[in-house]
Structure formats: C-alpha cells, structure tokens
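S.K.: Protein chains in written order, with my numbering: chain C, 37 to 73; chain H, 69 to 566. Could you have a look at this structure, given as structure tokens, before my questions?
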Amino acid sequence: MLNAGAIATAILGWLVLGGGLGYFLWIAHKSGGKWEE
Amino acid sequence: MARDRWAGRYYFIMAAIGSAIGLGNVWRFPYITYRYGGGAFLIPWLIGLVVLGLPWFLVELGTGHWMQRGAPGAFEKIGKKWEWVGWWPVFISFLLNTYYVCIMAWALCYLIGSFTLPWGTGVAAAGTAGPYFMNEFLNITPGPGVLGTIQWPILAMLAVSWIAIFLIIFKGAKIVGKVAVWTVTIPWACLVILAIRGLTLPGAVEGLNFYLTPNFTLMKDPEVWLAAFSQIAFTLSLGMGIMYAYGSYIAKKADVTNNAFITSFANCATSFFAGFAVFSVVGFIMQTLACPIEEVTASGIGLAFITWPVAISMMPTAPKVIGVLFFGCLWFLGIDSAFSIAEAAVTAIKDKWGLSKAKATGIICGIGFLMGILYTTGAGLHWLDIIDRAVCFYGLLITGIIACIVVGWVFGADKLRVHLNESSDIKVGKWFNWLVKIIVPGGLLFVVIYGGFMQDLAAPYGGYPLWAASMIWVILVVTLVLSFVFQYFKGKKEEVKK
Numbered sequence: 037m038l039n040a041g042a043i044a045t046a047i048l049g050w051l052v053l054g055g056g057l058g059y060f061l062w063i064a065h066k067s068g069g070k071w072e073e
Numbered sequence: 069m070a071r072d073r074w075a076g077r078y079y080f081i082m083a084a085i086g087s088a089i090g091l092g093n094v095w096r097f098p099y100i101t102y103r104y105g106g107g108a109f110l111i112p113w114l115i116g117l118v119v120l121g122l123p124w125f126l127v128e129l130g131t132g133h134w135m136q137r138g139a140p141g142a143f144e145k146i147g148k149k150w151e152w153v154g155w156w157p158v159f160i161s162f163l164l165n166t167y168y169v170c171i172m173a174w175a176l177c178y179l180i181g182s183f184t185l186p187w188g189t190g191v192a193a194a195g196t197a198g199p200y201f202m203n204e205f206l207n208i209t210p211g212p213g214v215l216g217t218i219q220w221p222i223l224a225m226l227a228v229s230w231i232a233i234f235l236i237i238f239k240g241a242k243i244v245g246k247v248a249v250w251t252v253t254i255p256w257a258c259l260v261i262l263a264i265r266g267l268t269l270p271g272a273v274e275g276l277n278f279y280l281t282p283n284f285t286l287m288k289d290p291e292v293w294l295a296a297f298s299q300i301a302f303t304l305s306l307g308m309g310i311m312y313a314y315g316s317y318i319a320k321k322a323d324v325t326n327n328a329f330i331t332s333f334a335n336c337a338t339s340f341f342a343g344f345a346v347f348s349v350v351g352f353i354m355q356t357l358a359c360p361i362e363e364v365t366a367s368g369i370g371l372a373f374i375t376w377p378v379a380i381s382m383m384p385t386a387p388k389v390i391g392v393l394f395f396g397c398l399w400f401l402g403i404d405s406a407f408s409i410a411e412a413a414v415t416a417i418k419d420k421w422g423l424s425k426a427k428a429t430g431i432i433c434g435i436g437f438l439m440g441i442l443y444t445t446g447a448g449l450h451w452l453d454i455i456d457r458a459v460c461f462y463g464l465l466i467t468g469i470i471a472c473i474v475v476g477w478v479f480g481a482d483k484l485r486v487h488l489n490e491s492s493d494i495k496v497g498k499w500f501n502w503l504v505k506i507i508v509p510g511g512l513l514f515v516v517i518y519g520g521f522m523q524d525l526a527a528p529y530g531g532y533p534l535w536a537a538s539m540i541w542v543i544l545v546v547t548l549v550l551s552f553v554f555q556y557f558k559g560k561k562e563e564v565k566k
C-alpha cells in the first residue's frame, strides 16, 4: 500500500503542476482571439 | 520574403512542448527524483523552475520574438560583435542532435525487435538483456580508440529518422506545428497506457513508494539542489538555440510569457507523470526477481534499453504490444526534440544566407546523418558519452550563461521585460531583471563548476583515456572558434514583415 508521504507527494505534485498548467491555460483561454496569433 | 509564421498559438505551444519533452523526461527525471529525496526533491526542482528555468526560457523566447531571428541573427541585432553568442549554442545543439537521433534509431530497432524479443524472454531476460544490448546490438568495443564495425540495422534506422526530420521541417513552421500536435499527443497516449499497465502490475505500489516518499533530511545536502537545478536546466530544451528560432516565428503582437509558462508546466507535469509509469514497472521487476531497488533502478540508456526490455519480457500479458508502445513512445518523444534542434540550425543558416528552407534543411539533415554514422560503430556508445558530456553538459550551460549575461547586461533585461509585457497576458515584474542578470547565470555557473568541472579536473571524465576525455575541451574550443568564424562570414539579410 502507498504510504502517507507518497500519497501526499502525489496529491501535492498534481495540485502544483496540474493546477499551474490549468491556471495558465485558463488565462490563455480568457485572452480569446490571441489563440489565432 | 515575409517571415515564416506558426499556423496559430495552439500549434506553437504544441511544438514548444514537443521540443521540451524528450527522452530525459522519462529516463532521467524519475530516477533523479528517487535518488535525491523522492517527494522532497520536488521542492528544489520547482524552485529551480521558477528562478532558473522560466527566466531563461523567457530570455530565449523573448529575444527571438523581439528580433524575429534565430539565435545568431538575434544576437547580431543586439550588436554585430555578439553574433557568435548565437552561433555557439547552434553548433552545440547540432552536435547533440547527431547522437540524439542515433538513440532514436536504437529505439526504432528495439521497436521492431519487440515482435521477437531478441534480448530474452520471461525472467531469463534479466540475465540476457544487458549482454544483448552491449555485445550483440551495439557490438561495443573496449574503448573509444577502437571504432569496430558499423551496425547496419542502426545505420538504416538512423537514415529513417533523419528522413523523417527532413520531411517534417523542410516546409516551414506551419507544418512543424501541425506535426507536433501528433508527436506530442502520441507519446502522451503511450505514457498513459504504460502507466495504467504499470500500475496494475504486482509490486507497482512498492515502486511508487520509492519514487514518491519524501526524505526531507536530504534537503540540507547541496548535491540535491545541484541535481534539481541541473534537471531544470536540461529539461526545457534551453541553451540550444531552439527557442530563439521558435520565438522568431511567433507573430509580433502575440503572447510570449504565458506561452513559456504553459510549455514549462506541461513539460514538468509530463516528467512527474512519467515517473508513475517508470517506477510502477521498477516495483514489478523488484517483486518478480526478488531483488533490491538498487539492482533495478537506472537512468538514461540503461533504463531504456536494459531495464525496460527486461520488464517487457516478463509482462504477464501482451509483452510485444507493451514493447511496441514503449519504444514507439521513446521515438516520438525524441522526434519533436530532434526536429526542433535541427530547426534551430536550419533557421540560423537560412537567416544568415537567405537559403530556401528546403535547401537549408537538406544541408543540416545530410551533415547530421553523416556525422551520426560514428555512433553506429562499435565505439559509438563511448563517443556518445564523451560528446554528450561536452555538449549536453558544458555546452548548453556555458552558452546559456553567456546568453543571459549579454541579454541581461548588454542589451538590457528591462528592455526585454517591457517587450514581453507589451504583448503578453501575464506581466513580468522587475524581479525578472535580477533573475536574468545574476541568479540564472550564477545558478548555471554553480551547476557547471560543482556538477562537472571539479570532477573532470580531478580525473579524466568517465575513466576514459586522457586523450579521449580531452576531446570534451577540444569540442568546446572548436565550436567556439567556428562561432567566431561564422560571425565574420558575410550573410544575406531577410526582410521581416509583421
């Protein structure tokens, strides 16, 4: 079974990396027309 | 002639992600993470991303975007005497590509080999995969001084890989972006399938515990910070002249900063995810062979061409399919990095002499293939190791240091910052100036000195004979001299339109 430290790393790792990526993609999405440039 | 342009932002982002994500995401990051503190390693690694990786990324992408030129042309516009600063990373990355494409050729050979598993079947492969790779596949010689014979299957796959690179880039950035959508998506899909397969194998959880369990006591060790900064420096395809070229194809009014952030985070998330695929399989091998993790974990070529083939042969179901998926994944991970590196050189000579894209691409791919023949010989692995040390360690980092100093102090970090902020959604603060001027060059210098130079000064690199290890310095000096020579060649200017 995964130990507590490994679970915490998996969750925090995805929060930071996945969350960061999602945030920047959301900003890009908000800019609308700039996707065409 | 109007400047070549990406077909759209989406295509640029995919091409940049494809360039950044490469073999190192799969074969280096998971091992480094396990070795330097598991989950705790992510802290210095993410700090390295913010203080080192992102500013360096913005320097390359932003300078290329502003000057609308590849690396040499961009530095020539900063000042005629600085053009060599752009040529040096182009030469360095071109040399890197000559062996990188050869590793892709190995992956193609192993992909075809997956149908017959020539490295051994079942548990017995644990004893035969290593000797097969070294003795039968590479036919390795005792040292770099004995070239041995050319391995014809590798040479054939080398030609296939270079032809693929030529076909992808010779028509320009629009096609590159559209191809990158596939060359990024396919390895992502392969990684997802491999991770699902890995996580459902017996022993996978034990492997993940080794990968993820944090060991915070190691955080006090400077070696951990060195490893984290090195990993960030190598993972974003920086110091190769690529991002100047890619930035030069972005429309003048388009976003730069957020594109760099998206690319960097996508790259790092892929590394983190790849660790799940790699270490679940490591756990499976540990349990099946009842051996300690030290005997199973490896990084680089050993992980890809010895450890994974062993795991593939021991798979309870469909080992051939897993083999095709894994080596196909490696080839696709490599191809978009390889064509982006070739693109840096193509853009540089196209900008300088006004050659057609097809002609410039043909020249670069032809020379790259001919030079790559060295790595198909029995001494190929020795030379790969030596040249990798010269270009992928010293070359990328030293040229990165010089580029940041020239952009930060000569051109002016603040001018670049203002330019980035004019067209980008995310505004960069004045902290950027100090990162570019001091922290990035200082951090890279720290990695050069303590990550390699001190060791190489004490003893010849890799235990090679002194003459062979000295080639590291010869390569650096020769590429530097060539950079100055190319600076003084007369070129033909290309008109840049918005």
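All C-beta atoms, glycine included, are put in the ideal place defined by N, C-alpha and C. Predicted, not measured: the structure shown is a model, and the values here were computed from it.
Count the other C-beta atoms from every protein chain shown that fall within 10 angstroms of the C-beta of residue 289 of chain H, then say buried if there are 16 or more, exposed otherwise.
M.R.: Residue 289 of chain H comes out exposed.
S.K.: Would a check of beta-carbon distances place residue 301 of chain H closer than 7 Å to chain C?
M.R.: Not one chain C Cβ lies under 7 Å of residue 301 of chain H.
S.K.: Could you check the C-alpha separation between residue 246 of chain H and residue 172 of chain H for me, to the nearest Å?
M.R.: Using only the alpha carbons, I get a separation of about 21 Å.
S.K.: Is residue 273 of chain H close to chain C, meaning its C-beta is less than 7 Å from at least one C-beta of that chain?
M.R.: Cβ-Cβ to chain C under 7 Å: yes for residue 273 of chain H.
S.K.: Measure how close the beta-carbons of residue 374 of chain H and residue 198 of chain H come, nearest whole angstrom, since I'm counting them as under 8 Å.
M.R.: That belief holds up - the Cβ atoms of residue 374 of chain H and residue 198 of chain H are roughly 5 Å apart, short of 8 Å.
S.K.: Kindly list, in the order they appear in chain C, the residues whose Cβ is closer than 9 Å to that of residue 494 of chain H.
M.R.: Residues of chain C passing the Cβ test: 60 and 63.
S.K.: At the 7 Å Cβ level, is residue 41 of chain C part of the contact set with chain H, yes or no?
M.R.: With 7 Å as the cut-off, residue 41 of chain C counts as an interface residue toward chain H.
S.K.: Within 10 angstroms of the Cβ of residue 555 of chain H, are there 16 or more other Cβ atoms? Answer buried if so, exposed if not.
M.R.: That one is buried.
S.K.: What residue from H/558, H/382, H/509 and H/516 has the CA that sits closest to residue 194 of chain H's CA?
M.R.: Taking only the C-alpha atoms, the option nearest residue 194 of chain H is H/382.
S.K.: Less than 7 Å between the C-beta atoms of residue 132 of chain H and residue 316 of chain H, yes or no?
M.R.: The answer is yes: Cβ separation under 7 Å.
S.K.: Counting only C-beta atoms, is residue 87 of chain H closer than 7 Å to chain C at any point?
M.R.: It does not: the Cβ of residue 87 of chain H has no partner Cβ on chain C nearer than 7 Å.
S.K.: Rounded to the nearest angstrom, how far is the Cβ of residue 168 of chain H from that of residue 406 of chain H, given a contact under 8 Å?
M.R.: Residue 168 of chain H to residue 406 of chain H, Cβ: 6 Å. Contact.
S.K.: Which chain H residues sit within Cβ distance under 7 Å of residue 56 of chain C?
M.R.: Within chain H, the residues near residue 56 of chain C are 333.
S.K.: Does residue 324 of chain H come out as helix, strand or coil in the three-state DSSP assignment?
M.R.: Residue 324 of chain H: coil per DSSP, three-state reduction.
S.K.: Three-state secondary structure (DSSP) at residue 566 of chain H?
M.R.: With a pLDDT of only 42 at residue 566 of chain H, under 50, the local geometry of the prediction cannot be trusted, and no value is derived from it.
S.K.: At a CB distance below 7 Å, what residues from the stretch 336-349 of chain H approach chain C? Give them in sequence order.
M.R.: For the stretch 336-349 of chain H, which is checked against every Cβ of chain C, the residues closer than 7 Å are 336, 337 and 340.
S.K.: Compute the Euclidean distance between the alpha carbons of residue 366 of chain H and residue 339 of chain H, then round it to the nearest angstrom.
M.R.: Their backbone Cα atoms lie some 16 Å apart in a straight line.
S.K.: In the DSSP assignment, find the alpha helix (DSSP H) that holds residue 242 of chain H and state where it starts and stops.
M.R.: Residue 242 of chain H -> alpha helix (DSSP H) spans 241-267.
S.K.: For the stretch 308-327 of chain H, list every residue whose C-beta sits within 7 Å of some C-beta in chain C, in sequence order.
M.R.: Answer in chain order: 319, 321, 322, 323 and 326.
S.K.: Going by alpha carbons, who is nearest to residue 314 of chain H out of H/508, H/95 and H/134?
M.R.: Ranking H/508, H/95 and H/134 by Cα distance to residue 314 of chain H puts H/134 first.
S.K.: Please report the straight-line C-alpha distance between residue 532 of chain H and residue 211 of chain H, rounded to a whole angstrom.
M.R.: If you take the alpha carbons of residue 532 of chain H and residue 211 of chain H, they lie about 8 Å apart.
S.K.: Assign residue 394 of chain H to one of three DSSP states: helix, strand, or coil.
M.R.: Three-state DSSP puts residue 394 of chain H in a helix.
S.K.: Answer yes or no: do residue 56 of chain C and residue 333 of chain H have a C-beta to C-beta separation smaller than 7 Å?
M.R.: Yes; because the gap between Cβ atoms is below 7 Å, this pair is in contact.
S.K.: Give, in chain order, every unbroken run of the alpha helix (DSSP H) that is at least 4 residues long and sits entirely within the stretch 185-245 of chain H.
M.R.: Correct list: 193-199 and 220-237.
S.K.: Roughly how many angstroms separate the alpha carbons of residue 563 of chain H and residue 267 of chain H, rounded to a whole number?
M.R.: Note that residue 563 of chain H has pLDDT 47, beneath the 50 cutoff, so the model's placement of it is unreliable and the number below is only indicative. Going from the Cα of residue 563 of chain H to the Cα of residue 267 of chain H covers about 54 Å.
S.K.: How would you label residue 59 of chain C, buried or exposed, when you count the other beta carbons within 10 angstroms and need 16 or more for buried?
M.R.: Exposed, since its Cβ has fewer than 16 Cβ neighbours within 10 Å.
S.K.: Apart from the five residues on each side of it in sequence, which residues of its chain come closer than 6 Å, Cβ to Cβ, to residue 129 of chain H?
M.R.: Cβ neighbours of residue 129 of chain H beyond the five flanking positions: 311, 315, 324 and 328.
S.K.: Whose C-beta lies closer than 6 Å to the C-beta of residue 220 of chain H among residues of the same chain, with five residues either side of it excluded?
M.R.: No residues qualify anywhere along the chain.
S.K.: If you measure from the beta carbon of residue 68 of chain C to each beta carbon in chain H, is any gap under 7 Å?
M.R.: No, because no Cβ of chain H sits closer than 7 Å to the Cβ of residue 68 of chain C.
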